[in-house]
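Here the structure comes first, spelled out in structure tokens, and everything after it is commentary.
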Amino acid sequence: MSTQDRPSGSPGDAAAGPPDRRDLAWYVDMGVRVLVFAGGISAIVFIFGIFVFIGKEGLGFLTGPFRPGEFFGSTAWRPTSDYPTYGILALMAGTASVTGLAMLLAVPFSLGAAIYIAEFARGRTRETLKVLVELLAAVPSVVWGFVGLTVVNPAIISVFDVPVGLGVLNSGIILGLMATPIMTTLAEDALKAVPDTYREAAEAMGASRLQVVVRVVLPAARNGLVAAVLLGVGRGFGETMAVLMASGHSINVPTSVFDSVRALTATIAAELGETADGSDHYRALFTIGILLFVVTFAINLTADLFLRGRGRR
Amino acid sequence: MVTGPAPPAPVPKVSARGLGVRFHGVPALSGVDLDVAPREILGIIGPAGSGKTSFLRAINRMDEFIPGMEIEGSLSLDGRDVRRFRNLYALRRRVGVVFPLPVGLPLSVYDNVALSPRLSGVRGKDELDGIVEKCLRRAALWDEVRDRLDTLGSLLSGGQQQRLTIARALSQSPDLLLLDEFSIAVDPVTTMRIEDVLRELREEVTIILVTNLVQQARRVADRTAFFLTGEMVEVGPTEALFEGGARDPRTTDYIEGRFG
Ligand SMILES: Nc1ncnc2c1ncn2[C@@H]1O[C@H](COP(=O)(O)OP(=O)(O)O)[C@@H](O)[C@H]1O
Ligand SMILES: [Mg+2]
Numbered sequence: 040m041s042t043q044d045r046p047s048g049s050p051g052d053a054a055a056g057p058p059d060r061r062d063l064a065w066y067v068d069m070g071v072r073v074l075v076f077a078g079g080i081s082a083i084v085f086i087f088g089i090f091v092f093i094g095k096e097g098l099g100f101l102t103g104p105f106r107p108g109e110f111f112g113s114t115a116w117r118p119t120s121d122y123p124t125y126g127i128l129a130l131m132a133g134t135a136s137v138t139g140l141a142m143l144l145a146v147p148f149s150l151g152a153a154i155y156i157a158e159f160a161r162g163r164t165r166e167t168l169k170v171l172v173e174l175l176a177a178v179p180s181v182v183w184g185f186v187g188l189t190v191v192n193p194a195i196i197s198v199f200d201v202p203v204g205l206g207v208l209n210s211g212i213i214l215g216l217m218a219t220p221i222m223t224t225l226a227e228d229a230l231k232a233v234p235d236t237y238r239e240a241a242e243a244m245g246a247s248r249l250q251v252v253v254r255v256v257l258p259a260a261r262n263g264l265v266a267a268v269l270l271g272v273g274r275g276f277g278e279t280m281a282v283l284m285a286s287g288h289s290i291n292v293p294t295s296v297f298d299s300v301r302a303l304t305a306t307i308a309a310e311l312g313e314t315a316d317g318s319d320h321y322r323a324l325f326t327i328g329i330l331l332f333v334v335t336f337a338i339n340l341t342a343d344l345f346l347r348g349r350g351r352r
Numbered sequence: 004m005v006t007g008p009a010p011p012a013p014v015p016k017v018s019a020r021g022l023g024v025r026f027h028g029v030p031a032l033s034g035v036d037l038d039v040a041p042r043e044i045l046g047i048i049g050p051a052g053s054g055k056t057s058f059l060r061a062i063n064r065m066d067e068f069i070p071g072m073e074i075e076g077s078l079s080l081d082g083r084d085v086r087r088f089r090n091l092y093a094l095r096r097r098v099g100v101v102f103p104l105p106v107g108l109p110l111s112v113y114d115n116v117a118l119s120p121r122l123s124g125v126r127g128k129d130e131l132d133g134i135v136e137k138c139l140r141r142a143a144l145w146d147e148v149r150d151r152l153d154t155l156g157s158l159l160s161g162g163q164q165q166r167l168t169i170a171r172a173l174s175q176s177p178d179l180l181l182l183d184e185f186s187i188a189v190d191p192v193t194t195m196r197i198e199d200v201l202r203e204l205r206e207e208v209t210i211i212l213v214t215n216l217v218q219q220a221r222r223v224a225d226r227t228a229f230f231l232t233g234e235m236v237e238v239g240p241t242e243a244l245f246e247g248g249a250r251d252p253r254t255t256d257y258i259e260g261r262f263g
């Protein structure tokens with residue numbers, strides 16, 4: 040660099056030395072900083088924009104026909120009736136039962152798979168399994184819904200001898216399969232983050248592989264594993280298309296796993312196209328959207344807190 | 004100051020004959036003939052990469068989980084070939100290991116020390132309390148942690164963690180203790196304290212002390228072995244080696260710091 044950009048000052052000026060000269064590296068650094076900042080901030084701007092949009096539409100409902108008792112306490116979702124009621128209890132029950140069953144199936148599978156891949160599998164086996172799991176994560180949800188309709192549905196009918204195979208069980212299985220890859224991958228990351236020195240130290244003490252996993256690795260990875268499960272829950276909770284196809288989509292508070300249910304997400308997907316812009320029904324769907332947004336946000340935030348706690352506790 | 008070699012015992016604690024270690028076929032150590040007497044401290048010195056850690060790993064059979072590691076020749080513990088142990092976990096429980104960098108497991112101080120007894124089936128609270136206190140005392144750590152046994156071991160200072168790993172190794176009640184350059188991440192004062200601990204332990208335990216500090220071998224070891232590029236150059240009484248009695252000039256060069 041030349042001395043051109045030295046601030047003009049007397050030679051005796053203490054501020055004019057090399058430490059005060061802005062060189063090319065300084066400008067490049069500044070430019071990159073601005074770019075990265077713009078990238079980071081735009082993500083926030085988009086999220087905020089979406090929230091404002093959903094919030095604006097939903098607000099019309101919240102300040103109008105919304106009655107909290109009915110909205111959260113009634114199972115009657117009849118937005119198109121002459122005397123419309125907007126009770127989402129059955130829809131929440133639908134989402135909760137499907138997500139709950141999915142987690143019941145997916146959590147043991149995912150944790151088991153992650154522990155096998157991270158702690159027991161070696162070399163080729165491990166790499167192959169990892170690729171397969173990641174491939175599974177890439178299957179589009181409409182394909183999963185299709186599997187629910189054409190494979191799981193007849194299977195449930197013939198195994199359990201029930202008239203219809205679409206319902207909590209079917210969508211729980213499909214959603215469980217969908218959540219498994221992401222949970223497995225995240226859980227495996229959490230296990231991999233446990234330093235090998237811990238394993239070596241425990242094994243040198245005469246601990247068996249299983250004892251090492253149970254006594255040392257799992258406790259050390261606990262926060263990351265909880266986060267993996269939570270993000271899996273978030274994945275199941277927000278899933279729409281597959282649930283729409285596999286759940287039977289009828290409004291029900293399920294009393295058995297074979298009951299057909301309707302999920303919050305599927306309701307929005309199925310009905311939004313048929314409502315008039317700005318109608319109460321249209322706005323009620325946006326209010327459900329706000330609810331989904333808030334719950335997903337809370338789940339992800341909690342997962343994030345666990346991940347942050349990973350290094351510390 | 005330590006006097007001459009331990010008197011020769013009928014059955015050596017550790018006995019290596021033609022011992023070699025390979026990683027993916029590449030020799031890291033070969034042709035080691037060495038006996039370690041019960042309750043002696045054997046120092047092993049030598050530059051980085053000379054095969055010291057490999058020797059320790061062969062003794063407690065860490066080849067089991069280091070891919071590509073092979074042991075050749077013969078190596079016995081109390082006269083039994085370590086490769087014929089059907090239960091490796093039992094072998095490793097008899098051999099305590101302290102690694103170069105302290106590994107405070109992410110468990111409480113108490114659980115760190117109680118882990119090994121628990122793994123071998125000790126359940127009683129009183130018994131565990133007793134073991135934990137005894138081992139922490141012997142590792143010269145008890146006074147510093149007695150009031151915070153339930154803080155995470157990994158939150159202790161480096162020197163404390165290294166003493167914690169020694170306490171943990173002692174909790175196995177090993178009859179052989181392997182230390183691999185334990186003082187790398189430890190301040191000099193703690194190093195001295197641990198050296199005192201080792202001299203006391205010598206009453207009950209056989210110790211193999213791999214050290215990067217030549218003077219540490221001189222301070223602590225009864226006999227010292229010099230490893231260089233995968234071979235054991237010589238082994239002899241520490242005092243003799245350090246007073247110019249080394250048979251091989253390379254040993255003297257290394258001890259006197261005249262090495263590349
Ligand atoms: N896990 C391993 N895989 C491959 N080579 C290794 C491994 N561990 C050690 N080695 C090699 O074996 C040789 C001896 O290493 P080591 O026993 O660790 O020496 P030291 O402890 O004396 O520094 C070195 O050349 C090292 O690169
Ligand atoms: Mg080493």
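Chains as they are written, first to last, in our numbering: chain A, 40 to 352; chain B, 4 to 263.
Ideal Cβ placement from N, Cα and C applies to all residues, glycine included.
Compare the C-beta of G348/A with all C-beta atoms of chain B and state if any pair is closer than 9 Å. Walking along the first sequence from the start, residue 348/A turns up at place 309. Not a single C-beta of chain B is nearer than 9 Å to the C-beta of G348/A.
Taking 8 Å as the limit between beta carbons, can you name the residues of its chain near L110/B, skipping five residues before and five after? Indexing the second sequence from 1 puts residue 110/B at position 107. Result list for L110/B: L118, L155 and G156, in chain order.
List the residues of chain A whose Cβ lies closer than 8 Å to the Cβ of A3/B, in chain order. Absent from the model: residue 3/B. The displayed extent of chain B is 4 to 263, so no value can be given.
If you measure beta-carbon to beta-carbon, which residues of the region 214-244 of chain A are closer than 9 Å to chain B? Residues V233, P234, T236, Y237, R238, E239, A240, A241, E242, A243 and M244.
Mapping the DSSP letters down to three states, classify M69/A as helix, strand or coil. As a working note, residue 69/A is residue 30 in the first sequence. M69/A carries a helical assignment under DSSP once its states are collapsed to helix, strand and coil.
Pairwise C-alpha distance: Y237/A and R97/B: Position 94 of the second sequence, counting from 1, holds the residue named residue 97/B. Position 198 of the first sequence, counting from 1, holds the residue named residue 237/A. Inter-residue distance for R97/B and Y237/A is about 19 Å (C-alpha atoms, whole angstroms).
For the region 172-185 of chain B, list every residue whose C-beta sits within 8 Å of some C-beta in chain A, in sequence order. If you check each beta-carbon in the region 172-185 of chain B against every beta-carbon of chain A, the ones closer than 8 Å belong to A172 and Q175.
Can you name the residues of chain B whose CB is closer than 7 Å to the CB of V255/A? As a first step, residue 255/A is located in the first sequence; it is residue number 216 there, counting from the start. In chain order: L108.
Which stretch, first to last residue, makes up the beta strand (DSSP E) that contains V170/A? Against the first sequence, residue 170/A aligns to sequence position 131. Run containing V170/A: none in the beta strand (DSSP E); it sits in the alpha helix (DSSP H), G162 to A176.
Pair within 9 Å by beta-carbon distance, P147/A and L175/A: Translated into the one-based positions of the first sequence, residue 147/A becomes position 108. Translated into the one-based positions of the first sequence, residue 175/A becomes position 136. Taking 9 Å as the Cβ cut-off, P147/A and L175/A do not qualify as a contacting pair.
Contact set between the region 257-288 of chain A and chain B, restricted to residues whose Cβ is under 7 Å from the partner: In summary, the residues of the region 257-288 of chain A whose CB is separated from some CB of chain B by less than 7 Å are P258 and A259, in the order they occur in the chain.
For the region 21-102 of chain B, which segments carrying the alpha helix (DSSP H) assignment without a break, of at least 4 residues, lie completely within its bounds, in sequence order? For the region 21-102 of chain B, the continuous alpha helix (DSSP H) assignments of 4+ residues that do not extend past its boundaries occur at 55-62 and 91-97, in sequence order.
Just the C-alpha distance for S295/A and V207/A, rounded to the nearest angstrom, thanks. On the first sequence, position 256 is the one that residue 295/A refers to. On the first sequence, position 168 is the one that residue 207/A refers to. Taking the straight line joining both Cα atoms gives about 8 Å.
Output the distance between the C-alpha atoms of V35/B and G21/B, rounded to the nearest integer angstrom. For the purposes of this step, residue 35/B is identified with residue 32 of the second sequence, where counting begins at 1. For the purposes of this step, residue 21/B is identified with residue 18 of the second sequence, where counting begins at 1. Looking at the two C-alpha atoms, the distance is approximately 5 Å.
Identify whether E242/B lies in helix, strand or coil by the three-state DSSP scheme. Position 239 of the second sequence, counting from 1, holds the residue named residue 242/B. Here E242/B carries a helix assignment [DSSP, helix/strand/coil].
Ends of the alpha helix (DSSP H) at A145/A? The sequence position of residue 145/A within the first sequence is 106, counting from 1. That run of the alpha helix (DSSP H) goes L128 to I154.
8 Å Cβ shell around E250/B - same chain, five flanking residues per side excluded: The count along the second sequence starts at 1 and reaches residue 250/B at position 247. It should be noted that the sequence gives Arg, not Glu, for residue 250/B. Scanning its chain for C-beta atoms nearer than 8 Å, with the 5 sequence neighbours on each side dropped, one finds around R250/B the residues E237 and G239, in chain order.
L173/B lies in the beta strand (DSSP E); which residues open and close that run? As a working mapping, residue 173/B is identified with position 170 in the second sequence. Counted as a single uninterrupted DSSP element, the stretch harbouring L173/B is not any beta strand (DSSP E) but the alpha helix (DSSP H) occupying residues G161 to L173.
In three-state DSSP terms, what is D178/B? Within the second sequence, the letter at position 175 stands for residue 178/B. Reduced to three states, the DSSP call for D178/B is coil.
Beta-carbon proximity list for T241/B, same chain, < 7 Å, skipping 5 on both sides: By one-based count along the second sequence, residue 241/B stands at place 238. Close CB contacts of T241/B within its chain, under the 7 Å cut and outside five residues either way in sequence, are with V5, G46, A220, R221, A224, D225, R226 and T227 (chain order).
Provide the residue(s) that pair with G287/A in DSSP beta bridges, ordered along the chain. Reading the first sequence from its first residue, position 248 is the one you call residue 287/A. Partner(s): V300/A.
Compare the C-beta of R163/A against all C-beta atoms of chain B and say whether one is closer than 9 Å. Here residue 163/A corresponds to residue number 124 of the first sequence, with the count starting at 1. Judged by the 9 Å Cβ criterion, R163/A is not in contact with chain B.
Using 10 angstroms around the beta-carbon of I211/B, count the other beta-carbons present and answer buried if the total reaches 16, otherwise exposed. Here the question's residue 211/B lines up with position 208 in the second sequence. With 16 or more other Cβ atoms within 10 Å, it is buried.
Check the DSSP bridge columns for Y125/A and list the partner residues they point to. Your numbering for residue 125/A matches position 86 in the first sequence. Y125/A is bridged by DSSP to W116/A.
Minimum Cβ-Cβ distance from G48/A to chain B less than 9 Å: Counting from 1 along the first sequence, the entry for residue 48/A is found at position 9. Confidence at G48/A is low in this model, with a pLDDT of 47, below 50, so the placement of that residue should be treated as unreliable; the coordinate-derived value is given next. Closer than 9 Å to the CB of G48/A there is not a single CB belonging to chain B.
Exposed or buried, which one is V17/B when buried takes at least 16 other CB atoms within 10 Å? Counting from 1 along the second sequence, the entry for residue 17/B is found at position 14. Under this definition V17/B is a buried residue.
I want to verify the contact list: residues of chain A whose CB lies under 8 Å from the CB of S160/B, in sequence order. One-based indexing of the second sequence puts residue 160/B at position 157. Chain-ordered listing is empty here: chain A has no CB closer than 8 Å to the CB of S160/B, the nearest sitting near 17 Å.
Taking Cβ positions only, does R352/A come closer than 9 Å to chain B? Stepping through the first sequence from its first residue, residue 352/A is reached at position 313. Confidence is the limiting factor: at R352/A the pLDDT is only 44, short of 50, which leaves the residue's position unreliable, though a coordinate-based value still follows. Look at R352/A: its C-beta is under 9 Å from a C-beta on chain B.
I'd like the span of the alpha helix (DSSP H) that includes V201/A, first residue to last. Translated into positions along the first sequence, residue 201/A becomes position 162. For V201/A, no alpha helix (DSSP H) encloses it, and the DSSP letter there is neither H nor E.
Identified DSSP bridge partners for V213/B: The count along the second sequence starts at 1 and reaches residue 213/B at position 210. According to DSSP, which records beta bridges pairwise, V213/B is partnered with I47/B and D183/B.
Less than 9 Å between CB atoms is the rule here; does V98/B satisfy it with respect to chain A? Position 95 of the second sequence, counted from the start, is the residue given in the question as residue 98/B. Output row for V98/B: interface = yes.
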